[in-house]
Amino acid sequence: MVALIPLSGHTTTIRFVAEDLPPYHYLDPTGKPTGALVEVARQLLAQTGLQGQIEIMPMARALHEMRAKDNTLLLSWLKTPERAQNYRFLGVMCHAQAYLIGLKDRTFSLQDLNSARQHRVSTIRGYYSERFLRAAGYSEDHELVLVSHYQTLWHMLFKGRTDLVLTNAQTINKELSALGLPAEQVERKLAVSAFPSELHLATSLDFNQQQADQLMSALASLKDSGKYQQILSQWQLN
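Using this note's numbering, the final residue of the sequence shown is 988, and nothing's skipped along the way.
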């Protein structure tokens, strides 16, 4: 699904791509991209005068598009030291503190990430969180349970097929609400402070330098003006 925003400026149309992840970026009931960061992207296009479009797609495809096409940006991508060497990060779009989430009626004695290894811990296959857990000693042969999408993640937790979910806390209520699951029955069990928390506007090293500079400047201006925080507040992300 594509939302075209016809604005004057460079003849090359830039593309913002992102996965289905409410409330940051997702498709509304009519199939149009919406969300807090979709609104930020539209503001960036308006401020720069660049012509662009916003597309929601599976994360694997979004990554492929960003890597393969020099006019494409990921609307939000976790910045890690390894990625910082191979991609261009244009600014923080939002912060998302990671937690181990579990059901309130389950009691765990957790001091750190290692102490959680006696329980089944889940995350989404292919995400940086998978690599993070593997680096911490987690294995699919033992306590690591990987799934393909966040819907499966929450259904498994509520059905008792996993004990803890590694995710950021800001999207939980909207995700559970969309699935008809009771958000009041889950809670944060452990803050995972070592997990990177900055989600950036990111692109390949081949992306046009002038356009990259324009977008960086526009994002900084959006924050300085207070408009950026206003958008996040409207989506209850402050």
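We put the CB at the ideal spot given by N, CA and C, even for glycine.
- According to the DSSP secondary-structure assignment, threonine 784 is paired through a beta bridge with Tyr776.
- Counting the other CB atoms within 10 Å of its CB gives arginine 911 a total below 16, which places it among the exposed residues.
- Arginine 911 carries a coil assignment under DSSP once its states are collapsed to helix, strand and coil.
- The shortest C-alpha to C-alpha distance from alanine 968 to any of Leu951, Lys909, Leu903 and Arg765 is the one to Leu951.
- Partner residues in the beta bridge of asparagine 918, as assigned by DSSP, are Ala848.
- Counting only runs of at least 4 residues, the region 838-887 fully encloses the following alpha helix (DSSP H) elements, listed from N- to C-terminal order: 878-885.
- Here the alpha carbons of glutamine 935 and tyrosine 837 stand approximately 39 Å from one another.
- According to DSSP, residue pairing for alanine 952 in a beta bridge involves Leu824 and Phe839.
- Per DSSP, leucine 896 is one residue of the beta strand (DSSP E) stretching across 894-897.
- Valine 942 places its beta carbon less than 8 Å from that of alanine 848.
- The straight-line gap separating the alpha-carbon atoms of arginine 867 and aspartate 820 is approximately 41 Å.
- Looking at the DSSP output, glutamate 937 bridges to Gly852.
- When Cβ pairs closer than 8 Å are counted between the two stretches, the region 839-847 is seen not to touch the region 887-907, the count staying below three.
- The alpha-carbon of glutamine 979 is positioned some 7 Å away from that of lysine 973.
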